[in-house]
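Participant: Take a look at this one; I'll ask things after.
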DNA sequence: CCATTCTAGTCAGGGCCCTTGTCTAGAGAA
DNA sequence: TTCTCTAGACAAGGGCCCTGACTAGAATGG
C-alpha cells in the first residue's frame with residue numbers, strides 16, 4: 004500500500020488547517036467544516052491527540068447554541084510550538100515568538116552598543132531569543148531572520164560588499180540561532196522582507212529602498228527573488244545618470260553631491276532632505292536611471308519606494324521618469340510602521356503552519 | 004468519498020508517465036516499474052484503454068527474453084495527441100508536431116515575403132500548422148509559440164516598443180492558432196525561449212542576446228521570469244556607459260558608433276563585426292554597463308551571451324566587466340543551432356505531458 | 001517428444017480508509 | 001417529567017489496493 008495512507012494524512016492536514024483558522028472546534032464542527040464524516044473527524048482527532056498536536060480544551064458547547072448533547076472543543080496543543088520572528092538592525096535586535104494563529108505571544112528586545120561588531124549582535128540575539136522563548140513557554144520550531152546587510156543565500160551569513168555600509172558586521176545568524184530555533188533558520192535582508200510585506204499589491208513589482216543604504220527587492224511571479232547568491236537588489240554599482248550627464252555608479256552620485264557621511268559609505272539623510280531643488284533634481288535623475296534598469300530587468304507593475312528619504316523625493320523621481328519611453332507606476336510604500344517585521348512575521352507564520360501540517 | 008479516487012488517479016498518472024518514458028510496456032513491467040501490484044496495473048490499463056489513452060500495440064514479448072507466457076505490450080494511443088512547436092521569425096515560420104516522447108512527427112515551413120506586415124505572418128502560420136497537422140495525423144492539444152518581437156504576457160499579442168525593431172508586425176498568435184491548437188496557445192519571445200533551452204546550466208542566470216536586436220532573458224529560481232507585462236529583458240533603454248563617459252541608452256550607443264542600419268532601428272551586424280579595436284572596446288564598455296545592471300537586479304550565477312555578434316565580442320565584454328566590483332562569469336551560449344526551437348520544443352513537450360496526465 | 005521451468009495475467013481474500021445510517025448520552029424546552 | 005435536539009460512538013458497506021494462489025502458454029532440455 005504505497006500511497007494508501009496518503010489520504011489519511013490529507014485528512015489530518017485538513018483538520019490541522021481548520022484548527023489554525025478557527026482556533027477551537029468540536030469534532031462535529033470539524034466534520035462539517037472540512038466536508039468529511041463525523042467518524043472520520045473523530046478518528047483524525049484521536050490520532051492527532053496521540054501525537055500531541057491537538058488537545059481537548061476542556062471547554063464545552065453548553066451555554067452556546069441551544070439544546071443537544073454537549074460537545075468537546077479541541078484546539079492545537081501548545082506543543083505545536085512557535086516561530087521566532089527576528090529583526091537585527093544596527094540599533095538592536097527584536098525577537099518575537101509567533102504562535103500558529105499569527106499572534107505574538109512573547110517579545111524581547113536588546114540594544115546593541117557597538118554595531119559593525121558581529122559578536123555584539125550575536126550575544127544580543129542569543130539573549131533576546133532566550134528571553135522570548137522563556138516568556139512564551141512553548142518550543143520553537145523555526146526562525147525567520149531579517150538582517151540590515153546583504154545576506155548570502157547559501158549560508159545565511161552576512162556579506163560585506165564594496166561601497167555599501169556594513170552595519171552589523173560579520174555575523175552568522177544560522178549558527179547563532181540554530182540551538183534555539185528548533186528547526187531551520189531562514190535569513191534574508193531587510194529590504195526583501197519589507198517587499199514581502201507589500202506582496203499582496205501585485206505579483207510583479209520592485210521595492211526601492213532609499214535610506215542610509217540603497218537597496219531594492221524584486222518580486223516576480225509573486226515571490227521575492229534573491230538570485231544565485233542572494234544579492235539581487237544590491238544596486239550601489241548600477242550605472243546611472245550622474246551630474247553633468249556622465250555615467251556614474253548610483254552610490255557615487257551621493258558622494259559627488261556631498262551627501263555621504265564622513266568616513267562612512269552611508270548616506271547623510273538629514274543633509275539630503277535639506278538639499279535644494281537642484282540637488283533633489285539630480286537625485287531624481289539618478290534614481291530615474293535605476294528605475295529604467297529595474298523596468299528593463301524586472302518589468303514591474305509598479306515600483307514601491309520606501310526608506311527614510313525615498314518617499315520624500317518621490318516627485319523628483321516621478322519627474323525624472325516621466326520622459327522615459329517605458330514607465331511604471333511609482334508609489335510610496337504602503338506599510339510605514341515596521342514593514343520589515345511585518346514581512347518577517349508573515350513568512351514565519353506561513354512556514355510554521357507548513358512545518359506543522361507537513362510534519363510526518 | 005471526497006478524496007478517495009485521488010489515489011486511483013495517481014495510479015493512472017504513474018502508468019501514463021511510465022509509458023511516456025518507456026514507450027511500450029507489458030502490464031507486469033508496468034507493475035514492477037511503478038511499484039504497484041500486477042492486478043492494480045491491469046486495472047489501470049483497462050481504465051486508460053477505455054478512455055482511449057492507452058492501446059495494445061499488438062506486439063508480444065515472444066522472441067525477446069526467454070520462456071514464460073507471452074505478454075502484451077501497451078503504449079500511449081495516438082489519440083493523446085501532439086503539441087505544436089512554432090517559431091515565427093522575419094524569414095518565415097516553422098511548425099513542428101511533437102509527440103509525447105518528444106519526437107518531431109511532422110514539420111512544415113513557410114517563408115514570409117513581407118515582414119512587419121502581420122497578416123502575412125498570420126497566413127503563413129495557419130498554412131504551416133495545417134500542413135504539419137495533416138502530415139502528423141494526430142490531434143493537437145496545445146501550441147507553444149516563439150515570436151521575434153516582444154510579447155504581451157496577458158494577451159500573447161506582439162507589442163511595438165520605441166527604438167526596437169518591430170520585425171513581425173501586428174500579430175495575435177493566440178487568435179491565429181487557437182482554431183488549430185486544440186488547447187492553450189503559449190506565446191513568448193525568442194530570447195526567453197533560447198534561455199529556456201540553456202536552463203539546465205543554472206537556476207539563476209541571465210541570457211544576453213546581442214544581434215540585430217538587443218534582448219535579455221532572466222532566469223530566476225529555475226524559471227524564465229517575464230515580469231508583469233512580459234517585457235522583462237527589453238534592454239534598449241537601459242542607461243549605460245557611452246562614448247566619452249556619458250550616460251547613454253544602450254541602443255543609442257550603436258547609433259553614435261554608426262552601427263545602426265539606415266532607416267531602421269536594427270543594428271548592422273556586418274559593420275559591427277568589422278569594426279576596429281576602439282569600436283569593440285566601446286561596445287564592450289556599453290555591454291559592461293548592462294551587465295552591471297543585470298548583476299544588480301538578477302544576481303545571476305553566470306551570464307550567457309548569444310546572438311549573432313555577442314559571442315564574437317565576448318573578450319571585449321569580459322575586459323569591460325573585469326574592473327567591476329561585482330562580477331559574474333560570462334560565457335557564450337552553449338546551444339548554437341536553433342536554440343529557440345530547442346526551448347520551444349522543451350516547453351511544448353513538458354506541457355503536453357502535463358496536459359495528458361492532468362486531464363480529468 | 002514430453003516433462004520441466006519460467007513468466008504474464010487473473011482470481012480470491014483481506015486490510016485500510018472513508019461513508020451512511022442507527023443508536024446512545026445528555027442538556028434545554030415545554 | 002417528557003420531548004426535542006445535537007455530539008459522538010458503533011456497525012455495516014463500498015472503493016481501492018495488496019498478497020498469494022492459480023491458469024495459460026512458450027522455451028528449455030533430457
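Chains as they are written, first to last, in the numbering used here: chain A, 4 to 363; chain B, 4 to 363. All C-beta atoms in this analysis are idealised placements derived from N, C-alpha and C, irrespective of residue type, glycine included. Quick caveat: nothing in here was measured; it's all calculated off a predicted structure.
Just to make sure I have the definition right: I need the residues of chain A whose C-beta is within less than 8 Å of the C-beta of residue 360(B). Which are they?
Facilitator: In the second chain, residue 360(B) corresponds to position 357, counting from 1. Within 8 Å Cβ-Cβ: nothing; residue 360(B) doesn't reach chain A, min ~15 Å.
Participant: Apart from the five residues on each side of it in sequence, which residues of its chain come closer than 7 Å, Cβ to Cβ, to residue 321(A)?
Facilitator: Indexing the first chain from 1 puts residue 321(A) at position 318. Closer than 7 Å at the Cβ level, and outside the excluded window around residue 321(A), lie 333.
Participant: Please confirm if the stretch 175–192 of chain A is in contact with the stretch 20–30 of chain B, defined as three or more CB-CB distances below 8 Å between the two stretches.
Facilitator: Not touching, per the Cβ criterion.
Participant: Over the uninterrupted beta strand (DSSP E) stretch that includes residue 227(B), give me the two end residues.
Facilitator: The residue given as residue 227(B) occupies position 224 in the second chain. Looking at the DSSP string, the run of the beta strand (DSSP E) that includes residue 227(B) is 226–228.
Participant: Relative to the alpha-carbon of residue 278(B), which residue among 312(B), 291(B) and 308(B) has its alpha-carbon at the smallest distance?
Facilitator: Within the second chain, residue 278(B) is the residue found at index 275, counting from 1. Ranking 312(B), 291(B) and 308(B) by Cα distance to residue 278(B) puts 312(B) first.
Participant: Identify each residue in the stretch 209–238 of chain B for which the Cβ-Cβ distance to at least one residue of chain A is less than 9 Å, and report them in chain order.
Facilitator: Of all residues in the stretch 209–238 of chain B, 209, 219, 221, 223, 224, 226, 228, 229, 230, 231, 232, 233, 234, 235, 236, 237 and 238 have a Cβ within less than 9 Å of some Cβ in chain A.
Participant: DSSP three-state label for residue 39(B), please.
Facilitator: Locating residue 39(B) in the second chain gives position 36, counting from the first residue. Coil at residue 39(B), not helix or strand.
Participant: Would you mind telling me which residues of chain A sit closer than 9 Å to residue 3(B), beta carbon to beta carbon, in chain order?
Facilitator: The structure shown does not extend to residue 3(B), since chain B spans only 4 to 363, so no value can be given for it.
Participant: CB-CB under 7 Å to residue 283(A), same chain, minus the five flanking residues each way: which ones, in chain order?
Facilitator: For the purposes of this step, residue 283(A) is identified with residue 280 of the first chain, where counting begins at 1. Excluding sequence neighbours, residue 283(A) sits near 316 and 319.
Participant: Check whether the stretch 193–213 of chain A and the stretch 221–235 of chain A are in contact - that is, three or more C-beta pairs closer than 8 Å.
Facilitator: At 8 Å Cβ cutoff, the stretches touch.
Participant: I want to verify the contact list: residues of chain B whose CB lies under 8 Å from the CB of residue 10(A), in sequence order.
Facilitator: For the purposes of this step, residue 10(A) is taken as the residue at position 7 of the first chain. Those within 8 Å of residue 10(A) in chain B are 6, 7, 9 and 10.
Participant: Between the stretch 294–301 of chain A and the stretch 232–252 of chain B, can you find at least three pairs of beta-carbon atoms closer than 8 Å?
Facilitator: Short answer: they touch.
Participant: Any residues in the stretch 137–162 of chain B with a beta carbon nearer than 8 Å to a beta carbon of chain A? Which ones, in chain order?
Facilitator: Flagged: no residues at all.
Participant: Return the residue from the list 338(B), 353(B) and 304(B) that minimises the CA-CA distance to residue 331(B).
Facilitator: Residue numbering aside, residue 331(B) sits at position 328 when the second chain is read from its first letter. Measuring from the Cα of residue 331(B), the nearest candidate turns out to be 304(B).
Participant: Please state if the CB of residue 144(B) and the CB of residue 358(B) are separated by a distance shorter than 8 Å.
Facilitator: In the second chain, counting from the first residue as 1, residue 358(B) sits at position 355. In the second chain, counting from the first residue as 1, residue 144(B) sits at position 141. Yes. Within cutoff.
Participant: Who are residue 77(B)'s beta bridge partners in DSSP?
Facilitator: Here residue 77(B) refers to the residue found at position 74 when the second chain is read from its first residue. DSSP, once it has assigned bridges, lists 28(B) and 59(B) as partnering residue 77(B).
Participant: Using a Cβ cut-off of 8 Å (strictly closer), state whether residue 329(B) contacts chain A.
Facilitator: Stepping through the second chain from its first residue, residue 329(B) is reached at position 326. Judged by the 8 Å Cβ criterion, residue 329(B) is in contact with chain A.
Participant: Counting beta carbon pairs with one atom in the stretch 146–165 of chain B and one in the stretch 187–198 of chain B, are three or more of them shorter than 8 Å?
Facilitator: Yes, the stretch 187–198 of chain B is in contact with the stretch 146–165 of chain B.
Participant: Does the beta carbon of residue 303(B) sit closer than 8 Å to a beta carbon anywhere in chain A?
Facilitator: Within the second chain, residue 303(B) is the residue found at index 300, counting from 1. Chain A, which has a Cβ nearer than 8 Å to the Cβ of residue 303(B), makes this yes.
Participant: My output table needs one value for residue 158(A): the three-state DSSP class, helix, strand or coil.
Facilitator: Numbered from its first residue, the first chain carries residue 158(A) at position 155. Coil.
Participant: Within a Cβ cutoff of 8 Å, which residues of the same chain sit near residue 337(A), ignoring the five residues on either side of it in sequence?
Facilitator: Here residue 337(A) refers to the residue found at position 334 of the first chain. Hits under 8 Å: 201, 204 and 307.
Participant: Does the beta-carbon of residue 288(A) have 16 or more other beta-carbons within 10 angstroms, so that it is buried, or is it exposed?
Facilitator: Here residue 288(A) corresponds to residue number 285 of the first chain, with the count starting at 1. Counting Cβ neighbours within 10 Å, residue 288(A) comes out buried, since at least 16 surround it.
Participant: Quick one, which of 361(A), 292(A), 362(A) and 353(A) has its alpha-carbon nearest residue 106(A)'s?
Facilitator: Against the first chain, residue 106(A) aligns to sequence position 103. Checked all of 361(A), 292(A), 362(A) and 353(A); the closest Cα to residue 106(A) is 353(A).
Participant: Report the rounded CA-to-CA distance for residue 63(B) versus residue 33(B), giving the unit in angstroms.
Facilitator: Mapped onto the second chain, residue 63(B) falls at position 60. Mapped onto the second chain, residue 33(B) falls at position 30. One C-alpha to the other measures close to 15 Å.
Participant: As a quick exercise: from 199(B), 135(B), 87(B) and 233(B), pick the residue whose alpha carbon is nearest that of residue 153(B).
Facilitator: What you label residue 153(B) is simply residue 150 of the second chain in a count that begins at 1. Here the closest residue by C-alpha is 233(B).
Participant: Could you please give the first and the last residue of the uninterrupted alpha helix (DSSP H) stretch that includes residue 321(A)?
Facilitator: Indexing the first chain from 1 puts residue 321(A) at position 318. From DSSP, the alpha helix (DSSP H) with residue 321(A) extends over 317–324.
Participant: If the cut is a Cβ gap below 7 Å, which residues of chain B does residue 243(A) touch?
Facilitator: To locate residue 243(A), count along the first chain from 1; it is residue 240. Simply 242 and 250.
Participant: Given residue 276(A), which residues of its chain have a CB within under 7 Å of its CB, disregarding the five upstream and five downstream residues?
Facilitator: Within the first chain, numbered from 1, the residue matching residue 276(A) stands at position 273. Counting only Cβ-Cβ distances below 7 Å, and skipping sequence neighbours, we find 312 and 315.
Participant: Counting only C-beta atoms, is residue 297(A) closer than 8 Å to chain B at any point?
Facilitator: Within the first chain, the letter at position 294 stands for residue 297(A). Yes, its Cβ sits closer than 8 Å to a Cβ of chain B.
Participant: Can you give me the Cβ contacts of residue 114(A) inside the same chain, cut-off strictly under 6 Å, excluding the 5 residues immediately before and after it?
Facilitator: In the first chain, residue 114(A) corresponds to position 111, counting from 1. Cβ within range, chain order: 95.
Participant: Does chain B have any CB closer than 8 Å to the CB of residue 13(A)?
Facilitator: In the first chain, residue 13(A) corresponds to position 10, counting from 1. Residue 13(A) counts as touching chain B.
Participant: Given a limit of 9 Å on CB to CB distance, which residues of the stretch 158–190 of chain B reach chain A?
Facilitator: Residues 164, 165 and 166.
Participant: Starting from residue 121(A), follow the alpha helix (DSSP H) in both directions and report where the run begins and ends.
Facilitator: Locating residue 121(A) in the first chain gives position 118, where the first residue counts as 1. That run of the alpha helix (DSSP H) goes 121–139.
Participant: Show which residues of chain B have a CB atom less than 8 Å away from the CB atom of residue 292(A).
Facilitator: The residue given as residue 292(A) occupies position 289 in the first chain. What residue 292(A) touches in chain B: 242 and 250.
Participant: Taking Cβ to Cβ, would you say residue 51(A) is nearer than 8 Å to residue 348(A)?
Facilitator: Against the first chain, residue 51(A) aligns to sequence position 48. Against the first chain, residue 348(A) aligns to sequence position 345. Cβ distance not < 8 Å, so residue 51(A) and residue 348(A) don't count as in contact.
Participant: Could you tell me the alpha carbon to alpha carbon distance between residue 60(B) and residue 257(B), rounded to whole angstroms?
Facilitator: Numbered from 1 along the second chain, position 57 holds the residue referred to as residue 60(B). Numbered from 1 along the second chain, position 254 holds the residue referred to as residue 257(B). Near 60 Å, if we compare the C-alpha coordinates of residue 257(B) and residue 60(B).
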